[in-house]
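The sequence shown begins at 189 in the numbering used here and counts up one residue at a time.
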Amino acid sequence: MNLKSISYYLSLFLFPLSVLSFINILYSSYFNYFLSIESYLITLVVSLVLACGLYLFGKNAERKITYINQLILILFVYFIVGILVSVPIYMSNSQIIFVNALFESISGLTGTGFSTFTSVKYLDPTLILWRSSSQWLGGLYFLIFLILIFSNKTFNYKMTSLTFTSESAFNSEESVKGNIFKILIFYCIISFTILILLSFSDVRLFNSLNLTMTLVSAGGFLPTDNLNSIISTKLQKIILIFSLLFSYLNFYFLFNLFKRKIFIKNHREDFYLLSIVILSVLLTYLNNFDGLNTIINVTSSLANSGITLIEDNNNFSLFFLFLTIIGGSLISNTSGIKFSRFYILLKITTAEILKLISPNSIINKTIFNSENKITDENVKISFLIFISFFLSLLILSSCLVLDDIGFESSFKLAILALTNTVNSEMHGLDNLVFANMLTSSKISLIIFMIIGKIELISIFLIFKKFFFKD
Numbered sequence: 189m190n191l192k193s194i195s196y197y198l199s200l201f202l203f204p205l206s207v208l209s210f211i212n213i214l215y216s217s218y219f220n221y222f223l224s225i226e227s228y229l230i231t232l233v234v235s236l237v238l239a240c241g242l243y244l245f246g247k248n249a250e251r252k253i254t255y256i257n258q259l260i261l262i263l264f265v266y267f268i269v270g271i272l273v274s275v276p277i278y279m280s281n282s283q284i285i286f287v288n289a290l291f292e293s294i295s296g297l298t299g300t301g302f303s304t305f306t307s308v309k310y311l312d313p314t315l316i317l318w319r320s321s322s323q324w325l326g327g328l329y330f331l332i333f334l335i336l337i338f339s340n341k342t343f344n345y346k347m348t349s350l351t352f353t354s355e356s357a358f359n360s361e362e363s364v365k366g367n368i369f370k371i372l373i374f375y376c377i378i379s380f381t382i383l384i385l386l387s388f389s390d391v392r393l394f395n396s397l398n399l400t401m402t403l404v405s406a407g408g409f410l411p412t413d414n415l416n417s418i419i420s421t422k423l424q425k426i427i428l429i430f431s432l433l434f435s436y437l438n439f440y441f442l443f444n445l446f447k448r449k450i451f452i453k454n455h456r457e458d459f460y461l462l463s464i465v466i467l468s469v470l471l472t473y474l475n476n477f478d479g480l481n482t483i484i485n486v487t488s489s490l491a492n493s494g495i496t497l498i499e500d501n502n503n504f505s506l507f508f509l510f511l512t513i514i515g516g517s518l519i520s521n522t523s524g525i526k527f528s529r530f531y532i533l534l535k536i537t538t539a540e541i542l543k544l545i546s547p548n549s550i551i552n553k554t555i556f557n558s559e560n561k562i563t564d565e566n567v568k569i570s571f572l573i574f575i576s577f578f579l580s581l582l583i584l585s586s587c588l589v590l591d592d593i594g595f596e597s598s599f600k601l602a603i604l605a606l607t608n609t610v611n612s613e614m615h616g617l618d619n620l621v622f623a624n625m626l627t628s629s630k631i632s633l634i635i636f637m638i639i640g641k642i643e644l645i646s647i648f649l650i651f652k653k654f655f656f657k658d
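See the structure below:
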């Protein structure tokens with residue numbers, strides 16, 4: 189393990205946390221929330237000192253690190269940043285134990301949205317902003333992981349090479365720091381766009397800011413106890429739908445809307461994903477269509493956010509759970525198995541059936557009818573992802589069933605944790621109290637929320653490297 193190289197890159201992920209801590213200090217000072225300012229000051233100093241120390245330790249190290257070291261770096265980012273994010277939560281007036289604070293921070297960084305707080309309205313506004321900031325930061329980190337690490341061809345289990353990755357903007361000759369800066373700029377532009385749209389629709393500025401950080405990261409934290417107190421008008425609902433699509437579709441989709449010559453060619457996956465939205469809405473329309481609320485439920489499920497406007501349980505909870513498993517684009521903040529992997533396995537299965545019926549037939553092995561071809565390696569990886577997902581589901585649901593929440597709730601919660609989707613009314617789990625769960629259940633959820641982002645197969649690779657050397 190190349191500790192110096194890992195330290196260098198880890199320091200780059202810690203500096204943004206220092207910036208967010210400083211912003212919260214300014215916010216606390218401006219609105220006279222001095223009771224909480226100390227915790228953000230501690231986070232600022234510790235994250236800044238740690239970032240500078242790691243940077244100095246690894247600044248002369250080799251910049252190119254192996255794929256296994258990259259995966260270890262991601263785990264370090266989630267756990268070290270997660271601990272630092274948990275400091276203000278632990279030191280808040282809510283008086284929660286450290287496990288609950290860590291649970292809250294990891295839930296934010298992974299964009300899951302599980303919360304040990306039973307009521308948000310009693311929280312300090314600075315803490316609400318801090319929770320939302322953790323989601324925004326986690327979304328930024330994951331996009332960086334996708335572009336700079338998961339696009340690694342050594343073992344491309346995220347298969348980002350099958351869809352448009354804007355290689356012209358992120359070529360191998362540019363420095364890593366330059367690439368991170370560009371991702372940051374793009375991410376901020378999308379965030380600012382959503383903020384302007386929400387503010388324009390008469391959503392209170394504080395709620396607009398927090399909801400923006402939730403939507404852009406496909407997160408689940410809300411600045412209030414329910415979404416209905418923020419979103420009520422038709423215009424606000426329409427803006428919410430489009431904002432959810434921002435995190436559901438390819439990260440570069442909006443930046444190529446006006447490049448009509450290459451638009452369809454580079455974003456075929458996104459058109460298929462939009463077709464799924466339309467098809468899902470039509471399926472719910474045949475049973476119980478509730479206008480824009482139904483469209484919000486569909487897009488929220490596919491975007492792995494889970495936020496909803498419905499106020500009671502419904503007959504579509506299993507359908508929405510299935511949509512969360514599909515996830516969104518390969519290059520987006522969504523988790524889940526991803527639709528592209530379903531597509532690959534369905535297409536290859538269909539091709540094998542056609543071979544049996546007509547051995548001389550020519551099989552088209554392109555993905556989404558593009559120039560990219562589905563290789564045998566893609567098929568193997570897709571199959572392994574399915575196996576690892578259901579293995580993770582089995583392990584996590586088995587751990588949760590030991591808690592007093594019932595088998596059905598354990599199974600649903602395991603799916604939501606692995607797809608980083610918040611529990612809500614449309615899943616029938618809105619009354620679940622995480623603070624009352626066993627410590628073992630919370631730790632299991634923490635581990636599998638991270639695994640939901642990076643996938644179990646990455647853990648197998650690390651174990652193989654260190655325990656099964658050739």
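Glycine included, each C-beta is placed from N, C-alpha and C at the ideal position. This one's a predicted model, so the numbers in the text were calculated from it and none came from an experiment.
Proximal residues to residue i (C-beta, below 7 Å), its chain only, five neighbours per side dropped
| i | result |
| --- | --- |
| E596 | none |
| Y687 | Because the chain here runs from 189 to 658, residue 687 falls outside it and cannot be looked at. |
| Y215 | T314, L317 |
| V469 | T482, I483, V486 |
| I427 | L385, L386, S389 |
| I209 | Correcting the residue identity first, residue 209 is Ser in this sequence and not Ile. Contacts found: Y228, T231, L232, S235. |
Limits of the unbroken alpha helix (DSSP H) element including residue i
| i | result |
| --- | --- |
| I532 | 527-545 |
| K252 | Careful: K252 lies outside any alpha helix (DSSP H) and carries neither H nor E. |
| F203 | 191-218 |
| A239 | 225-246 |
| I426 | 422-436 |
| D564 | 564-588 |
| I631 | 627-642 |
| N288 | 286-297 |
| S395 | The question names Ser, yet the displayed sequence has Asn at residue 395. Counting along the chain, the alpha helix (DSSP H) containing N395 begins and ends at 393-404. |
| I486 | A small correction: the amino acid at residue 486 is Val; Ile does not occupy that position in the sequence shown. Run containing V486: 480-490, per the alpha helix (DSSP H) assignment. |
| F343 | Run containing F343: none; DSSP gives neither H nor E here. |
| F510 | 505-514 |
| F330 | 313-332 |
| I603 | 595-606 |
Close beta carbons around residue i, own chain, < 6 Å, minus the five adjacent residues each side
| i | result |
| --- | --- |
| S431 | I382, L403 |
| A357 | Low confidence applies here, because A357 scores a pLDDT of 45, under 50, leaving its location unreliable and the question unanswered by this model. |
| L633 | A605 |
| A239 | S199, L202, F203 |
| S274 | A289, L290, S293 |
| I562 | I532, K553, I555 |
| V621 | none |
| N359 | Unreliable positioning characterises N359 in this predicted model, as indicated by a pLDDT of 44, which lies under 50. A coordinate reading is not provided. |
Burial state of residue i (16 or more Cβ within 10 Å)
| i | result |
| --- | --- |
| P547 | exposed |
| I600 | It is Lys, not Ile, that sits at residue 600 in the sequence shown. The residue is buried, with at least 16 neighbouring Cβ atoms inside 10 Å. |
| T675 | Since the displayed the chain opens at 189 and closes at 658, residue 675 lies outside it and no answer follows. |
| R456 | buried |
| Q323 | buried |
| L544 | exposed |
| I377 | exposed |
| L205 | buried |
| V269 | buried |
| M189 | exposed |
| T331 | As written in the sequence, residue 331 is Leu, which differs from the Thr given in the question. Buried. |
| E355 | Here the model assigns E355 a pLDDT of 48, short of 50, so the residue's position is not dependable and the matter cannot be decided. |
| T421 | exposed |
| L534 | exposed |
| Y310 | exposed |
Closest by C-alpha distance to residue i, when choosing among the options
| i | options | result |
| --- | --- | --- |
| I645 | S295, L626, L579 | L579 |
| R319 | S295, T563, L244 | S295 |
| F343 | N566, F574, I639 | N566 |
| I638 | I377, S206, T298, I285 | T298 |
| L462 | F441, G479, Y473 | F441 |
| F459 | S558, I371, I525 | S558 |
| L489 | E613, S224, D591, I562 | The sequence shown places Ser at residue 489, rather than the Leu named in the question. Ranking the options by Cα distance to S489, first place goes to E613. |
| S417 | K346, S405, I498, N454 | I498 |
| L325 | T512, I371, N288 | I371 |
| A249 | K192, I464, L471 | K192 |
| F510 | Q424, T607, Y310, C587 | T607 |
| L423 | L480, F507, F409 | L480 |
| V589 | I262, M625, K568 | M625 |
Contacting residues, own chain, Cβ-Cβ under 8 Å from residue i (five flanking each side not counted)
| i | result |
| --- | --- |
| S131 | This structure cannot speak to residue 131, because the chain is shown only from 189 to 658. |
| L649 | Y255, I256, L259, F343 |
Three or more C-beta pairs below 8 Å linking the stretch 613-622 and the stretch 523-541: no
Three or more C-beta pairs closer than 8 Å, one from the stretch 254-264 and one from the stretch 326-343: is that the case here? yes
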